[in-house]
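*Asks:* Per this note's numbering, residue 158 is the first one in the sequence shown, and the count goes up by one each step. By construction, the Cβ of each residue, glycine as well, lies at the ideal position given by its N, Cα and C atoms. Just so you know, these numbers come straight off a predicted model, no measurement behind them. Take a look at this one; I'll ask things after.
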Amino acid sequence: MKYDYLVVGAGLYGAVFAHEAKKAGKQVLVIDKRPHVAGNVYTEPVEGIQVHRYGAHIFHTNLKRVWDYVGQFATFNRFTNAPVANYHGELFSLPFNMYTFNKMWGVVTPEEAAAKIEEQRQAAGITDPQNLEEQAISLVGTDIYEKLIKGYTEKQWGRPCTELPPFIIKRLPVRLTFDNNYFNALYQGIPVGGYTRMVENMLEGIEVRLNTDYLADKEALDALADKVVYTGPIDAYFNFALGTLEYRSVRFENETLDIPNYQGNAAVNYTDRESPYTRIIEHKWFEFGKDAEGNDLPKTVISMEYSSEWKPGDEPYYPVNDEKNGALYHRYKELADREEKVIFGGRLGEYKYYDMDAVIASALSLCDREL
Ligand code: UDP
């Protein structure tokens with residue numbers, strides 16, 4: 158059997174491409190070295206709760222094309238991400254908005270909040286922010302920086318805020334309204350029944366081989382297809398010939414508790430320096446409304462997230478967006494462009510910190526070009 162496409166990796170990028178290729182009448186084989194499909198968006202049920210095994214994924218997008226696209230494969234619930242920050246037992250609303258400012262300073266009006274931020278910015282004397290610390294203080298003032306940003310960021314990135322680029326903190330909205338929605342996205346939700354089912358629906362009718370390591374058996378697998386869509390790490394494809402690209406990794410400690418409600422919210426960020434984890438996820442609150450339905454389940458599943466430096470062999474999560482790794486990626490990209498039979502895509506294939514919607518948009522634009 159000769160396939161038109163061998164798709165390496167059954168995550169979102171691979172599944173979208175495979176689905177569209179089949180629809181276009183192509184013969185497709187999807188392989189993945191893990192024992193399951195769905196890549197890092199993989200979810201599995203524990204005690205009736207969909208657990209996000211490789212970290213919490215909240216689908217959010219401003220792209221109507223992408224929202225309509227995923228709607229073919231899943232019904233999305235009305236989950237809105239509104240994390241809570243816990244600083245030594247004191248709770249604050251995220252992202253930074255009027256609820257946060259009221260709790261921090263007792264201010265009531267947007268004008269009072271803006272004045273407080275301005276006063277702290279002036280006292281710090283920052284005009285042109287050069288690093289994350291200066292950027293944060295100039296956006297929200299020193300109190301919020303000290304309690305809600307500094308400890309969390311240093312745990313997450315393993316470096317002092319003064320050595321991190323300003324743009325990281327600009328991902329977070331700052332609002333002078335009472336609005337705890339973490340994302341500025343028109344469309345947001347979690348697929349009912351879990352991400353795994355959504356990806357299975359994308360792959361319906363397509364041959365999938367799990368536990369199949371492409372790089373371990375490259376020649377034989379290459380011989381099966383005219384073209385390859387490779388979504389694994391780009392440096393691994395070239396056997397790390399130019400060196401290793403770096404990632405930040407995350408370690409999860411999962412617990413099933415005999416109580417119906419541990420923290421009353423899907424995400425609680427521990428923003429102090431002392432708690433060893435960055436945040437705790439309580440999975441049931443992604444699925445159920447904050448009402449009787451979730452509380453009726455007698456158990457709950459939580460995951461503590463520990464941010465860690467990545468070493469070869471660990472799961473790669475966050476590409477490190479610095480000059481050194483960017484330059485190395487570009488050298489790999491030159492090699493990749495010379496592989497005529499192979500298309501490199503997705504977060505690992507392009508070494509790019511993609512959100513889920515951007516991965517899907519990128520796969521769809523490949524389909525437009527290729528199919
Ligand atoms: N951040 C913070 N305190 C929080 C949440 C986020 O200081 O409670 C900062 C931190 O520097 C982080 C950045 O905001 O790296 C971006 O956060 P985001 O939630 O976008 O991170 P991701 O979803 O990529 O893990």
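Which first and last residues belong to the beta strand (DSSP E) in which Lys384 is found?
*Replies:* The sequence position of residue 384 within the sequence shown is 227, counting from 1. Counting along the chain, the beta strand (DSSP E) containing Lys384 begins and ends at Ala382 to Tyr387.
*Asks:* Skipping 5 residues on each side, what residues in its chain have a beta carbon closer than 8 Å to that of Glu462?
*Replies:* Residue mapping note: residue 462 aligns to position 305 of the sequence shown, counting from 1. Cβ-Cβ distances below 8 Å link Glu462 to Gly212, Val407, Arg408, Phe409, Tyr434, Thr435, Arg436, Ile437 and Ile438 in the same chain, with the five nearest sequence neighbours on each side left out; the list follows chain order.
*Asks:* Which residue or residues does DSSP assign as beta-bridge partners of Glu201?
*Replies:* Translated into the one-based positions of the sequence shown, residue 201 becomes position 44. DSSP output for Glu201 lists Val208 as bridge partner(s).
*Asks:* Along the chain, which unbroken stretches of the alpha helix (DSSP H) at least 4 residues long are found entirely within the segment 224–290?
*Replies:* 255–262 and 267–281
*Asks:* Lys498: which of Asp383, Gln292 and Asp415 sits nearest, CA to CA?
*Replies:* Counted from its first residue, the sequence shown places residue 498 at position 341. Answer by Cα proximity: Asp383.
*Asks:* How many whole angstroms separate the CB atoms of Ala167 and Gly196, which I take to be in contact at a CB cut-off of 8 Å?
*Replies:* Along the sequence shown, one-based indexing puts residue 167 at 10. Along the sequence shown, one-based indexing puts residue 196 at 39. The Cβ separation is near 6 Å, so the contact holds.
*Asks:* Under three-state DSSP, which class holds Ile363?
*Replies:* Here residue 363 is taken as the residue at index 206 of the sequence shown, counted from 1. Here Ile363 sits in coil by DSSP.
*Asks:* Gln217 lies in the beta strand (DSSP E); which residues open and close that run?
*Replies:* If you number the sequence shown from 1, residue 217 lands on position 60. Contrary to the premise, residue 217 reads as His rather than Gln in this sequence. His217 -> beta strand (DSSP E) spans Phe216 to Thr218.
*Asks:* Only counting the same chain, and skipping five residues up and downstream in sequence, which positions put a Cβ closer than 7 Å to that of Thr237?
*Replies:* Within the sequence shown, residue 237 is the residue found at index 80, counting from 1. Only Asn338 and Gln345 meet the Cβ criterion.
*Asks:* State buried or exposed for Gly308, treating a residue as buried only when at least 16 other CB atoms are found within 10 Å of its CB.
*Replies:* The residue given as residue 308 occupies position 151 in the sequence shown. Buried: at least 16 other Cβ atoms inside 10 Å.
*Asks:* Return the bridge partner residues of Ala175 from the DSSP annotation.
*Replies:* The residue you call residue 175 lines up with position 18 of the sequence shown. DSSP lists no partner for Ala175.
*Asks:* Compute the distance between the beta-carbons of Val198 and Leu220, then report whether it is under 9 Å.
*Replies:* Position 41 of the sequence shown, counted from the first residue, corresponds to residue 198. Position 63 of the sequence shown, counted from the first residue, corresponds to residue 220. No, they are not a contact pair.
*Asks:* Please confirm if the segment 475–482 is in contact with the segment 373–387, defined as three or more CB-CB distances below 8 Å between the two stretches.
*Replies:* No, they do not touch.
*Asks:* State whether the segment 415–433 contacts the segment 504–517, with contact taken as three or more CB pairs (one from each stretch) at a distance under 8 Å.
*Replies:* no
*Asks:* Pull up the distance between the alpha-carbon of Thr266 and that of Thr334, whole angstroms please.
*Replies:* Reading the sequence shown from its first residue, position 109 is the one you call residue 266. Reading the sequence shown from its first residue, position 177 is the one you call residue 334. Roughly 9 Å separates the two Cα atoms.
*Asks:* Tell me which same chain residues have a C-beta within less than 7 Å of the C-beta of Leu523, skipping the five on either side of it?
*Replies:* Along the sequence shown, one-based indexing puts residue 523 at 366. Closer than 7 Å at Cβ, skipping near neighbours: Phe174, Ile500 and Gly502.
*Asks:* With a threshold of 8 Å (Cβ to nearest heavy atom), would Leu296 be considered close to the ligand UDP?
*Replies:* If you number the sequence shown from 1, residue 296 lands on position 139. Not under cutoff, so the answer is no.
*Asks:* In its own chain, which residues sit with a C-beta less than 7 Å from the C-beta of Gln313, not counting the 5 before and 5 after it?
*Replies:* Position 156 of the sequence shown, counted from the start, is the residue given in the question as residue 313. Same-chain partners within the cutoff: Thr435 and Ser464.
*Asks:* Can you look up Gln345 in the DSSP assignment and give me helix, strand or coil?
*Replies:* For this step, residue 345 is matched to residue 188 along the sequence shown. The DSSP-derived three-state label of Gln345 is strand.
*Asks:* Exposed or buried, what is Gly182 when buried is set at 16 or more other beta-carbons lying within 10 Å of its beta-carbon?
*Replies:* Here residue 182 refers to the residue found at position 25 when the sequence shown is read from its first residue. Looking at its Cβ environment, which holds fewer than 16 other Cβ atoms inside 10 Å, Gly182 is exposed.
*Asks:* What's the call for Asp453, buried or exposed, on a 16-neighbour Cβ count within 10 Å?
*Replies:* On the sequence shown, residue 453 is found 296 positions in, with the first residue counted as 1. Label assigned to Asp453: exposed.
*Asks:* What is the chain-ordered set of residues for which the beta carbon lies under 6 Å from any non-hydrogen atom of the ligand UDP?
*Replies:* Ala242, Leu251, Leu305, Ile306, Tyr309, Thr310, Gln313, Ile325, Ile326, Arg328, Leu329, Asn426 and Thr428
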